[in-house]
Amino acid sequence: MSRQRTIAEQVVAQLVSAYRKGFFPMADVHTGAVQWFNPDTRGVIPLHAFRTPRSLRQRVRSGRFIVTCDRAFAQTIVGCADPDRPGAWIDETIVRTYRLLHDAGYAHSVEAWLPGDDGSPRLVGGLYGVAIGGAFFGESMFSRPDWGGTDASKVCLVHLVAHLRRQGYTLLDTQMWSWHLEQFGCEEITREDFLPLLTKATNKRRVQWGTFTPLPTDADDPEQERPLLPPSKI
């Protein structure tokens, strides 16, 4: 076993252990330095009570976006790291670290595509996070309205929740509560209430990520020409 592989495995093990204990990495608002956080309150979206606004349901049903999973993990996290985004903090170290988690089968992405100017698929939004046992930890999401990707990340979230439900996941951790996430049913709970849910979810042994199947859309017509999907793991 190479030394580089050993170091990668150690990094993955440390990260998984930290997530199991309720920690997650984030930049300090004052210094910008990436640190481990385990806040007093936590944002969670109860999977059984996930809410989809009517306009978003229509967007999902329209089939405007081609939605995939783990076909462009690296591109997705780089999209989330866009330095022009307000509050952007994801740096190259974070990108490399989560690619290790992805290679180890823990980190996953959901992507939204539209045809580009040349007709080939172009990534216009997505999200990524970490799956451990029956828990999914949402890390970040992005959309490119300038490329026609308005609501692309929200559409990816709807597809993600449907997948988590099918596979038997019990916890969707958003880390922080926000007004943006409240529309989907996000709740703020105390750390004391969160940790037992976390332990129970991460200890589930029979939950697997499995095969991702996009939700059906009104555009699912076998005679309708759809853009070719990009090769897996761009």
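So my numbering is basically just the index in the sequence shown, starting at one, shifted up by 23.
Heads up, the beta-carbon is just placed ideally off N, CA and C, and yes, glycines get one too.
Environment of residue i [buried if 16+ CB atoms lie within 10 Å]
i, result
"glutamate 162", "buried"
"histidine 131", "buried"
"alanine 72", "exposed"
"isoleucine 30", "exposed"
"glutamine 231", "exposed"
"serine 166", "buried"
"glutamate 32", "exposed"
Secondary structure of residue i, DSSP reduced to three states
i, result
"leucine 238", "coil"
"valine 144", "Looking at the sequence shown, residue 144 is not valine but proline. Strand at proline 144."
"lysine 256", "At lysine 256, the pLDDT of 41 sits below 50, so the modelled position is not reliable; the number obtained from the coordinates is stated separately. Three-state DSSP puts lysine 256 in coil, outside helix and strand."
"isoleucine 100", "helix"
"cysteine 179", "helix"
"glutamine 231", "coil"
"tryptophan 200", "coil"
"threonine 217", "Reading off the sequence shown, one finds phenylalanine at residue 217, where the question assumed threonine. Helix."
"glutamine 33", "helix"
"glutamine 190", "helix"
Proximity of residue i and residue j at Cβ, strictly below 9 Å
i, j, result
"valine 184", "valine 90", "no"
"leucine 146", "glutamine 98", "yes"
"arginine 228", "glycine 128", "no"
"phenylalanine 159", "aspartate 196", "yes"
Start and end residues, alpha helix (DSSP H) containing residue i
i, result
"serine 85", "77-85"
"valine 133", "No alpha helix (DSSP H) contains valine 133, which is instead part of the beta strand (DSSP E) from 130-138."
"threonine 116", "115-126"
Test: residue i CB closer than 9 Å to a CB of chain D
i, result
"alanine 154", "Absent from the structure is chain D; it holds one protein chain and no more."
Segment limits, beta strand (DSSP E) that includes residue i
i, result
"isoleucine 212", "210-213"
"glycine 172", "Per DSSP, glycine 172 belongs to no beta strand (DSSP E) and is neither H nor E."
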